[in-house]
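Peer 1: Take any residue in the sequence shown, note its place counting from 1, add 39, and you have its number in the numbering used here.
Here you go, one structure.
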Amino acid sequence: MFDRDTIVGPLQTSVQRRLDDLSRSVDIADRDRAADLAEREIPLLVEALRATLATHAPDARGHCPVCRSRMSRFLFRRRGRTPCRAYLAAQLSLGPAIEDVVTQRTKHLRRRRTASLSPLG
């Protein structure tokens, strides 16, 4: 059987090297070469990010199957809704447009209590 480090280490090094090469190429390229590079590489980077985020798709309860810890699978405790680390990292890297997707949620009990105290209800 393969040792994890013999597979993961070179893979991580290869990916990091490719990202470094892309960063350097953009820094030293003239405007036309940078546009050509962006036209070729941005779709590849977007597809790589989408593939990575697809593995972090939330389950029916809204939890990421990859990011939740092993202990939370075995213990019978309620977990709060925390964002998936992969989606959080992507959002922080891409920009602060999260207010477009996040809506304020009211707890069920608070809605019920408010409804029962209202003179109209």
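Yeah, the Cβ is synthetic: ideal placement off N, Cα and C, and Gly gets one too.
1) Would you report the Cα separation of Q51 and I81, rounded to the nearest angstrom?
2) Does the contact criterion of 3 or more C-beta pairs under 8 Å hold for the region 90 to 108 versus the region 62 to 81?
3) Only counting the same chain, and skipping five residues up and downstream in sequence, which positions put a Cβ closer than 7 Å to that of R124?
4) Quick one: Cα of Q130 to Cα of L88, how far?
5) Check R100 in the structure and name its three-state DSSP category.
6) Would you mind stating whether L76 and L58 have Cβ atoms separated by less than 9 Å?
7) How would you write the range of the alpha helix (DSSP H) that D75 sits in, first residue to last?
8) Measuring CA to CA, which of V85, R100 and C103 is closest to S132?
9) Using the C-alpha atoms, what's the distance from R56 back to L127?
Peer 2: Judging by the given coordinates:
1) The sequence position of residue 51 within the sequence shown is 12, counting from 1. The sequence position of residue 81 within the sequence shown is 42, counting from 1. For Q51 and I81, the distance between alpha carbons rounds to 20 Å.
2) Result no; under three Cβ-Cβ pairs closer than 8 Å.
3) Along the sequence shown, read from residue 1 onward, the residue named residue 124 stands at position 85. If we look at R124 and ignore the five residues flanking it on each side, its Cβ neighbours are C106.
4) Residue 130 sits at position 91 when you count from the first residue of the sequence shown. Residue 88 sits at position 49 when you count from the first residue of the sequence shown. For Q130 and L88, the distance between alpha carbons rounds to 11 Å.
5) Against the sequence shown, residue 100 aligns to sequence position 61. Residue state, collapsed to three classes: coil.
6) Taking the sequence shown and counting its residues from 1, the one referred to as residue 76 is at position 37. Taking the sequence shown and counting its residues from 1, the one referred to as residue 58 is at position 19. No, the pair does not count as a contact, with Cβ atoms beyond the cut-off.
7) Here residue 75 refers to the residue found at position 36 of the sequence shown. It spans R70 to A93 - the alpha helix (DSSP H) in which D75 sits, taken as one unbroken run.
8) As a working note, residue 132 is residue 93 in the sequence shown. Checked all of V85, R100 and C103; the closest Cα to S132 is V85.
9) Translated into positions along the sequence shown, residue 127 becomes position 88. Translated into positions along the sequence shown, residue 56 becomes position 17. Approximately 24 Å, taken between the alpha carbons.
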